[in-house]
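In my numbering, the protein residues as written are 1 to 168.
So, in structure tokens, the structure goes:
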């Protein structure tokens, strides 16, 4: 089971803050064309959801990459907290209700991985996509920050997988 530390969550929140600050068009611009500006957040949000899904019991190369990303984020964040600002590191409680992905749900994650990888390579929003997935991995494991999204995401992936593979 993946775990997250204070430092890992801090890295995830820093990624989220970076995205919000670099995206913010200003109140006047946002009010004049909200659909255009809000749609610019879509690549980040979709890849954030993908990052959360990869922490839900996915194994193999994808699960290993997700766990390694989470471990590196934990280490970087803990180091920044301890040596950067003189704080303390520690492990957070994992989300209380873990909903594993079914076989078809895991297949959906594999399909999403192919799509996300291609999108990150060809899109001009590749940085947003990568940052969103990284943020989702770090925050999707925590119970108090964004772990609430993991349960509906897993249920949705399982439902889509059942719908696609049940029809075959």
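Where is the CB? At the ideal position from N, CA and C, for every residue including glycine.
The model shown is predicted, which means the values in this text are computed figures rather than measured ones.
Measure the CB-CB distance between residue i and residue j and report whether it falls below 7 Å.
i, j, result
"residue 53", "residue 155", "no"
"residue 161", "residue 100", "no"
"residue 140", "residue 73", "no"
"residue 50", "residue 104", "no"
"residue 70", "residue 129", "no"
"residue 47", "residue 112", "no"
"residue 15", "residue 135", "yes"
"residue 66", "residue 158", "no"
Distance, Cα to Cα, residue i vs residue j?
i, j, result
"residue 151", "residue 109", "15 Å"
"residue 43", "residue 88", "33 Å"
"residue 37", "residue 10", "26 Å"
"residue 125", "residue 18", "15 Å"
"residue 61", "residue 4", "20 Å"
"residue 148", "residue 120", "26 Å"
"residue 82", "residue 13", "17 Å"
"residue 107", "residue 29", "40 Å"
"residue 32", "residue 26", "10 Å"
For residue i, does the three-state DSSP call read helix, strand or coil?
i, result
"residue 142", "strand"
"residue 54", "coil"
State yes or no: is the beta carbon of residue i nearer than 7 Å to at least one beta carbon in chain C?
i, result
"residue 12", "No chain C appears in this structure, which consists of one protein chain only."
Buried or exposed: residue i, going by 16 or more other Cβ atoms within 10 Å of its Cβ?
i, result
"residue 131", "buried"
"residue 78", "buried"
"residue 39", "exposed"
"residue 20", "exposed"
Can you tell me where the alpha helix (DSSP H) with residue i in it begins and where it stops?
i, result
"residue 148", "Per DSSP, residue 148 belongs to no alpha helix (DSSP H) and is neither H nor E."
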